[in-house]
Amino acid sequence: MTAFATVPDLLAVEPGTELGHSSWRTVEQPRVDTFADATDDHQWIHVDRERAAAGPYGTTIAHGMLTLSLVPIMIGEVATVPSATFGLNYGFDKVRFTAPVPVGSRVRAAVSVVGAEPVRGGAKVTFRAVVELEGSERPACVADMIIVWME
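The structure is reproduced here in structure tokens:
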């Protein structure tokens with residue numbers, strides 16, 4: 000974990016600096032089912048175990064958006080600013096889903112800094128999260144997340 004002492008310290012980070020990896024998370028079927036219920040996306044490839052077993056991946060797979068929804072918490076495991084009043088999810092840039100996440104597999108994020116700029120009362124930082132899929136050479140997702148940290 001990288002803990003930045005103050006919000007302005009984020010502005011001194013060189014673009015491309017690698018901050019580390021989050022912990023591994025196992026993507027289980029109950030999480031996929033709950034996500035399907037929350038988003039009304041019940042496509043068979045995600046929730047129908049029997050049909051998916053005969054499908055292209057041999058099992059159900061996580062929704063791409065479920066994988067993306069894990070990125071903020073994974074970044075938060077790697078980069079913190081204890082002195083910040085709060086961090087605001089400003090959005091995502093350049094999101095790509097590059098490999099399916101089979102149910103039962105594990106993912107984690109390799110986090111780096113793309114860039115940072117000052118904003119009134121804080122700093123706007125773009126983090127790159129490469130969501131690694133255990134046992135795969137290809138990542139499951141690559142996304143640039145922008146967080147505004149306020150003092």
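Each residue of the sequence shown is one higher than the one before, counting from 0 in numbering that gives the first Met the number 0. We put the CB at the ideal spot given by N, CA and C, even for glycine. For clarity, every value in this text was computed on a predicted model and none was experimentally measured.
{"Item": "CB of Glu-27 within 8 Å of CB of Gly-121, strictly", "Value": "no"}
{"Item": "Cβ pair count under 8 Å reaching 3, the region 37-53 against the region 86-96", "Value": "no"}
{"Item": "Start-end ranges of the beta strand (DSSP E) lying completely within the region 112-143, minimum 3 residues", "Value": "121-132"}
{"Item": "Reference Ser-111, options Thr-16, Ala-11, Phe-3, closest by Cα", "Value": "Thr-16"}
{"Item": "Per-residue burial, Gly-86 [other beta carbons within 10 Å of its own, 16 or more giving buried]", "Value": "buried"}
{"Item": "Proximity of Trp-148 and Ala-83 at Cβ, strictly below 8 Å", "Value": "yes"}
{"Item": "Limits of the beta strand (DSSP E) - the one that Asp-32 falls within", "Value": "No beta strand (DSSP E) holds Asp-32; the alpha helix (DSSP H) holding it covers 28-38."}
{"Item": "Under the three-state DSSP convention, the category Met-0 falls into", "Value": "coil"}
{"Item": "Alpha carbon of Leu-132 to alpha carbon of Gly-57, nearest angstrom", "Value": "17 Å"}
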